[in-house]
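Right, one structure below, let's go through it.
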Amino acid sequence: MEETNRNIYSGQFDIEGGNFNAAGTVSTSIKSILKKLNIPGEIVRKAAIVSYEAEINVVSYAKKAVVRLTVAPKKVHIEVDDTGPGIPNIELAMQEGYSTADQRIREMGFGAGMGLSNIKNYSDEFHIESEVGKGTRLQMTIQTP
Amino acid sequence: MKLSEVKDILDAEVIVGEECLDLEVKTAFGADLMSDVLAYAKAGSMLLTGLTNTQVVRTANVLDIAAIILVRGKKPSQETVSLAQELKIPILTTKYILFETAGRLYLKGIVGCLPKVESTSGRN
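In structure tokens:
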């Protein structure tokens with residue numbers, strides 16, 4: 001990343017796949033870190049939403065993931081790199097309403113096939129890459145004013 | 146209106162946040178599907194729902210939801226209560242069903258945080 005030397009904050013967090021009780025703890029941490037850095041409320045909210053959606057995905061489908069949070073003067077960057085089954089058809093997975101969620105995920109109130117498209121909508125820049133049998137990597141950038 | 150008025154209108158019980166009843170609220174979003182709440186609910190709104198697991202509190206937290214109103218007499222687990230206390234998110238519970246809860250609040254001036262969705266894409 002070109003702005004590495006000027007980063008205000010960088011840190012990383014682990015997510016454990018299948019641990020529904022802990023789902024949301026990473027996004028709650030990210031939210032409180034960004035608040036402490038005096039990032040504007042609407043930016044903090046977007047970062048919290050995209051990281052929470054990603055966290056729900058990891059807990060629902062992957063074995064584990066590493067989340068890297070980088071705060072630069074003009075942007076917040078969140079990368080979620082998981083080890084898991086990967087996504088065979090990204091275009092399909094990005095469609096609202098397309099879901100492979102099981103009953104357990106749906107009982108929690110998720111699995112409506114909105115997650116990835118919601119992440120994209122709340123991010124200023126969004127990249128997804130996935131390899132079947134290896135994992136999925138999401139990169140979200142939210143610009144700060 | 147103040148959260149204390151919401152409590153009166155809904156004949157609700159305050160489970161978390163007795164000290165937050167002076168909070169001003171103007172809008173609400175109602176759903177049991179957290180995926181939709183994440184996509185549509187606006188900051189400062191109340192969340193009307195029948196789901197009671199900890200993810201409801203996590204969802205409310207990331208969205209800056211003002212208060213969670215549990216409908217149909219639902220009671221949250223101790224885990225959900227503890228998390229709401231930690232994250233300082235009020236939880237009220239009412240015996241009214243979701244439709245009645247929304248209708249009674251709407252009659253008194255609370256509106257949806259958005260009237261309808263624009264399309265299935267580009268809603269942000």
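From first to last, the protein sequence lines are chains R and W.
Per the working numbering, the first sequence starts with residue 1, numbered consecutively.
Per the working numbering, the second sequence starts with residue 146, numbered consecutively.
Glycine included, every Cβ here is placed at the ideal spot set by N, Cα and C.
Extent of the continuous alpha helix (DSSP H) to which residue i belongs
i: residue 49 of chain R; result: 41–61
i: residue 122 of chain R; result: 115–122
i: residue 199 of chain W; result: 199–208
i: residue 12 of chain R; result: First-last for residue 12 of chain R: 9–16, but that is the beta strand (DSSP E), not the alpha helix (DSSP H).
i: residue 69 of chain R; result: Note, residue 69 of chain R: premise wrong, no alpha helix (DSSP H); beta strand (DSSP E) at 64–72.
i: residue 228 of chain W; result: 223–232
Residue i classed as buried or exposed, judged by whether at least 16 other C-beta atoms fall within 10 angstroms
i: residue 136 of chain R; result: buried
i: residue 200 of chain W; result: buried
i: residue 221 of chain W; result: buried
i: residue 117 of chain R; result: buried
i: residue 132 of chain R; result: exposed
i: residue 125 of chain R; result: exposed
i: residue 248 of chain W; result: exposed
i: residue 3 of chain R; result: Residue confidence is low: residue 3 of chain R scores 47 on pLDDT, short of 50, so the model does not pin down where it sits. No coordinate-derived value is stated.
i: residue 89 of chain R; result: exposed
i: residue 174 of chain W; result: buried
i: residue 122 of chain R; result: buried
i: residue 140 of chain R; result: buried
i: residue 58 of chain R; result: buried
i: residue 53 of chain R; result: buried
i: residue 252 of chain W; result: exposed
i: residue 6 of chain R; result: exposed
i: residue 262 of chain W; result: exposed
i: residue 77 of chain R; result: buried
i: residue 242 of chain W; result: exposed
Partners in chain W for residue i, counting only beta-carbon separations shorter than 8 Å
i: residue 234 of chain R; result: Since the first residue of chain R shown is 1 and the last is 145, residue 234 of chain R is not available in this structure.
i: residue 52 of chain R; result: 183, 203, 204 and 207
i: residue 31 of chain R; result: 206 and 207
i: residue 49 of chain R; result: 183, 207 and 208
Which of helix, strand or coil DSSP assigns to residue i
i: residue 179 of chain W; result: helix
i: residue 247 of chain W; result: helix
i: residue 103 of chain R; result: helix
i: residue 1 of chain R; result: Note on residue 1 of chain R: pLDDT 49, under 50, position unreliable in the model; the coordinate value appears next. DSSP places residue 1 of chain R in coil when its eight states are reduced to three.
i: residue 172 of chain W; result: strand
i: residue 267 of chain W; result: Model confidence at residue 267 of chain W stands at a pLDDT of 44, short of 50, so the residue's coordinates are unreliable; what they give is reported in the following sentence. Reduced to three states, the DSSP call for residue 267 of chain W is coil.
i: residue 81 of chain R; result: strand
i: residue 239 of chain W; result: coil
i: residue 155 of chain W; result: coil
i: residue 212 of chain W; result: strand
i: residue 160 of chain W; result: strand
i: residue 26 of chain R; result: helix
i: residue 35 of chain R; result: helix
Residue i: contacting residues in chain W (beta-carbon distance under 9 Å)
i: residue 27 of chain R; result: 203, 206 and 207
For residue i, the first and last residue of its enclosing beta strand (DSSP E)
i: residue 139 of chain R; result: 135–143
i: residue 130 of chain R; result: 125–131
i: residue 93 of chain R; result: Not the beta strand (DSSP E): residue 93 of chain R falls in the alpha helix (DSSP H), residues 90–94.
i: residue 193 of chain W; result: 191–194
Contact set between residue i and chain R, taken where Cβ atoms lie within less than 7 Å
i: residue 188 of chain W; result: 45
i: residue 196 of chain W; result: 109
i: residue 200 of chain W; result: 23, 24, 108 and 109
Proximal residues of chain R, C-beta to C-beta of residue i below 8 Å
i: residue 177 of chain W; result: 109
Amino acids of chain W, ordered along the chain, whose beta-carbon sits closer than 7 Å to that of residue i
i: residue 118 of chain R; result: 183 and 184
Query raised in the report: So does the segment 201–219 of chain W actually touch the segment 176–190 of chain W, counting three or more Cβ pairs closer than 8 Å?
Result: yes
Query - Inter-stretch contact (C-beta, 8 Å, three-pair minimum) for the segment 65–81 of chain R and the segment 89–97 of chain R - result: no
Query raised in the report: Are three or more beta carbon pairs between the segment 154–170 of chain W and the segment 228–240 of chain W nearer than 8 Å?
Result: yes
Query raised in the report: Is it a yes or a no for the segment 15–33 of chain R touching the segment 41–49 of chain R, going by three-plus beta-carbon pairs under 8 Å?
Result: yes
Report task. Taking 8 Å as the threshold, find out whether the segment 12–20 of chain R comes into contact with the segment 164–183 of chain W through three or more Cβ pairs. Result -> no
Query - contact_flag[the segment 96–110 of chain R, the segment 175–186 of chain W] where n(CB pairs < 8 Å) is 3 or more - result: yes
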